[in-house]
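Engineer: Terminal number for the sequence shown in the numbering used here: 345, no gaps in between.
Just so it is clear, CB atoms sit at the ideal spot from N, CA and C, and this is done for glycine as well.
Starting off with a structure, shown below.
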Amino acid sequence: MTRPFLSVENLVVHFPTPDGIVRSTDGLSYTLERGKTLGIVGESGSGKSVSSSALLGLHRGTSARVSGEIWLDGVDLLKLSDEEMRKRRGKDVAMIFQDPLSSLHPYYRVGDQIGEAYRAHHNVSKRAARIRTIEMLARVGIPQPDRRVDDYPHQFSGGMRQRVMIAMALINDPTLLIADEPTTALDVTVQAQILDLLQDLQNEFHTALILITHDLGVIAEVADDVLVMYAGRAVEYGSTRELLTRPSMPYTWGLIQSIPDVSGAVDKPLRPIPGSPPSLVNPPKGCAFFPRCPYAKLVDGTGDRCAHELPELLSITPGHLKRCHLEDPEVMYQDDTELETAR
Ligand code: SF4
Numbered sequence: 003m004t005r006p007f008l009s010v011e012n013l014v015v016h017f018p019t020p021d022g023i024v025r026s027t028d029g030l031s032y033t034l035e036r037g038k039t040l041g042i043v044g045e046s047g048s049g050k051s052v053s054s055s056a057l058l059g060l061h062r063g064t065s066a067r068v069s070g071e072i073w074l075d076g077v078d079l080l081k082l083s084d085e086e087m088r089k090r091r092g093k094d095v096a097m098i099f100q101d102p103l104s105s106l107h108p109y110y111r112v113g114d115q116i117g118e119a120y121r122a123h124h125n126v127s128k129r130a131a132r133i134r135t136i137e138m139l140a141r142v143g144i145p146q147p148d149r150r151v152d153d154y155p156h157q158f159s160g161g162m163r164q165r166v167m168i169a170m171a172l173i174n175d176p177t178l179l180i181a182d183e184p185t186t187a188l189d190v191t192v193q194a195q196i197l198d199l200l201q202d203l204q205n206e207f208h209t210a211l212i213l214i215t216h217d218l219g220v221i222a223e224v225a226d227d228v229l230v231m232y233a234g235r236a237v238e239y240g241s242t243r244e245l246l247t248r249p250s251m252p253y254t255w256g257l258i259q260s261i262p263d264v265s266g267a268v269d270k271p272l273r274p275i276p277g278s279p280p281s282l283v284n285p286p287k288g289c290a291f292f293p294r295c296p297y298a299k300l301v302d303g304t305g306d307r308c309a310h311e312l313p314e315l316l317s318i319t320p321g322h323l324k325r326c327h328l329e330d331p332e333v334m335y336q337d338d339t340e341l342e343t344a345r
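Shown next as C-alpha cells:
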C-alpha cells in the first residue's frame, strides 16, 4: 500500500492527571501531501496543538500516553528511537510557534541561534553556517541581513521576529512544517505578509504545511484542506472550499458565523458560539458538542440521540467527512430556524 506523504492514523494522546485521564487527542486520522496545506482549526483545548506536537515527538519523556501511527515519507515516527527522532526534529519536521520571543533565546544573537540550528544537522563550519543564515534572513525578507544577523531578538519587531523563526524553521529544508498560530500575535497587515511569505516559501521548498489556528479566516486564505477539531476529535474534514461553502457540522457552522468575512455575509451580526468546550477528563457520552448545539433536537425531536450516541466520522461526499447525526445541514443555513442550545 502506498501511503500519502504524511498519514496520521488513529493518533491518541492522553495525559494521566490526579483528576483522571485528559483525552487531548482521541483517534485522530488525516493525510497530507507535499506542497499542500492542511489547516487544523478549533478552540483552545480542542487538541490541535497537542496532536501536532506528537509529529515532532515532543511528548517523549513526558507522562503522555501516545499511540497510533504517524507515517512521514514511509517511516512511522512513533516507532523511531528517541535518538532517531531527535535527528529528524528540526530537519525533516520543523515547527513555528505563536510567540517567537519565547522560542528565541533573549541573550543570543539571532544569527547564532539560526546557525546553530543549521549546524545541528549539517557538518559545516561556523562561517559557512553564518553565510547560509544570512541567505535565509534575506529570503524571509529581513532588510540588511548581513547586519541584522548580529542583532538580538528584542531588536526585532514582532513581525520581523516571526520572519526570523520562519528562517530558522526552514534553514534545514524540512519536508513538513507545522505552524502553530503563527500570526495570532501580529496585527492584521503583518499577519497577511507572514501568510504570504509562508505560501511563497512552501511553493519554493515544496513543503507540506500544517497550519494550526483558531481562525477560519486564516484557513480560508491559505489552506487546501481543513480539519476541524473539537474535544480531541476530528468533527469535520474536507477541502477548504467545500467546508467553507457547505459546512455540515454545527460546530464548523458556528466557527464560520463567528468570523466576519468567510461566508460573505458581512452585513450580518457576528454570532459567537455559546458556552465553552467540555472537560477532556469527563467528556459528554454522546456528541461532545451536544451541550452547545442548537440543532440536536432536530435530529430526533428530543436530542436524546445526540446526548447518548457518539457520531462516527463518516463521508458525506468524496473527501468530505463529518461527525454529526444531523442529516440535512440546510437547516443550519436557515436564519429563521427556531433554536435553543441543548442546555
Ligand atoms: Fe449537534 Fe447532534 Fe450534530 Fe452533535 S451530533 S453536532 S449535538 S446535531
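Within a Cβ cutoff of 6 Å, which residues of the same chain sit near T209, ignoring the five residues on either side of it in sequence?
Structural biologist: L179
Engineer: Buried or exposed for S53, going by 16 or more other Cβ atoms inside 10 Å?
Structural biologist: buried
Engineer: Is any heavy atom of ligand 1 found at a distance shorter than 6 Å from the C-beta of P252?
Structural biologist: yes
Engineer: Would you list the one or two residues that DSSP bridges to V43?
Structural biologist: T215, V230
Engineer: What residues are listed by DSSP as bridge partners for M162?
Structural biologist: Its beta-bridge partners do not exist; DSSP assigns none.
Engineer: Given D21, which residues of its chain have a CB within under 8 Å of its CB, disregarding the five upstream and five downstream residues?
Structural biologist: V283
Engineer: Whole beta strand (DSSP E) runs in the stretch 91–176 with 3 or more residues, listed along the chain?
Structural biologist: The stretch 91–176 contains these whole beta strand (DSSP E) runs: 95–98.
Engineer: Can you list, in chain order, the stretches of the beta strand (DSSP E) that have 3 or more residues and sit fully within the stretch 252–319?
Structural biologist: 316–319
Engineer: From the DSSP secondary-structure annotation, give me the bridge partner or partners of Y239.
Structural biologist: L229, L323
Engineer: State the Cα-Cα distance for the pair A169 and P286, rounded to the nearest angstrom.
Structural biologist: 43 Å
Engineer: Keeping to the same chain, check which residues put their C-beta closer than 6 Å to that of A298; ignore five residues upstream and five downstream.
Structural biologist: F292, G305, C308, A344
Engineer: Hey, is V230 close to ligand 1, as in C-beta under 6 Å from one of its heavy atoms?
Structural biologist: no
Engineer: Ignore the nearest five residues each way along the sequence and tell me which others in V15's own chain have a CB closer than 7 Å to its CB.
Structural biologist: S26, T27, V52, S53, A56, H61, A66, V68
Engineer: Should V142 and R165 be called a contact, given that it needs their Cβ atoms to be closer than 7 Å?
Structural biologist: Contact flag set, yes.
Engineer: Give me the Cα-Cα distance between L40 and Q259, rounded to the nearest whole angstrom.
Structural biologist: 21 Å
Engineer: By Cβ distance, which residues of its chain are closer than 6 Å to E238, with the 5 residues on each side in sequence left out?
Structural biologist: Here the set comprises V230, M251, T254, K324.
Engineer: Apart from the five residues on each side of it in sequence, which residues of its chain come closer than 8 Å, Cβ to Cβ, to L199?
Structural biologist: V142, G143, R165, I168
Engineer: Can you say whether E183 is buried or exposed, counting buried as having 16 or more other CB atoms within 10 angstroms of its CB?
Structural biologist: buried
Engineer: Going along the chain, which residues of its own chain have a beta-carbon closer than 8 Å to the beta-carbon of K38, five neighbours each way excluded?
Structural biologist: Answer for K38: A210, L211, D226, D227, listed in chain order.
Engineer: Nearer than 6 Å: is that true of the beta carbon of P108 relative to any heavy atom of ligand 1?
Structural biologist: no
Engineer: Return the CA-CA distance between R132 and T4, expressed in angstroms with no decimal places.
Structural biologist: 40 Å
Engineer: From Y232, D217, D175, pick the residue whose C-alpha is nearest to that of N205; which is it?
Structural biologist: D175
Engineer: Between the C-alpha atoms of R36 and F207, what's the straight-line distance to the nearest angstrom?
Structural biologist: 9 Å
Engineer: Which value, in whole angstroms, describes the spacing of the CA atoms of T247 and Y232?
Structural biologist: 20 Å
Engineer: Here's a check: name, in chain order, each residue in its chain whose Cβ is nearer than 6 Å to the Cβ of Y32, leaving out the five neighbours to either side.
Structural biologist: V10, L229
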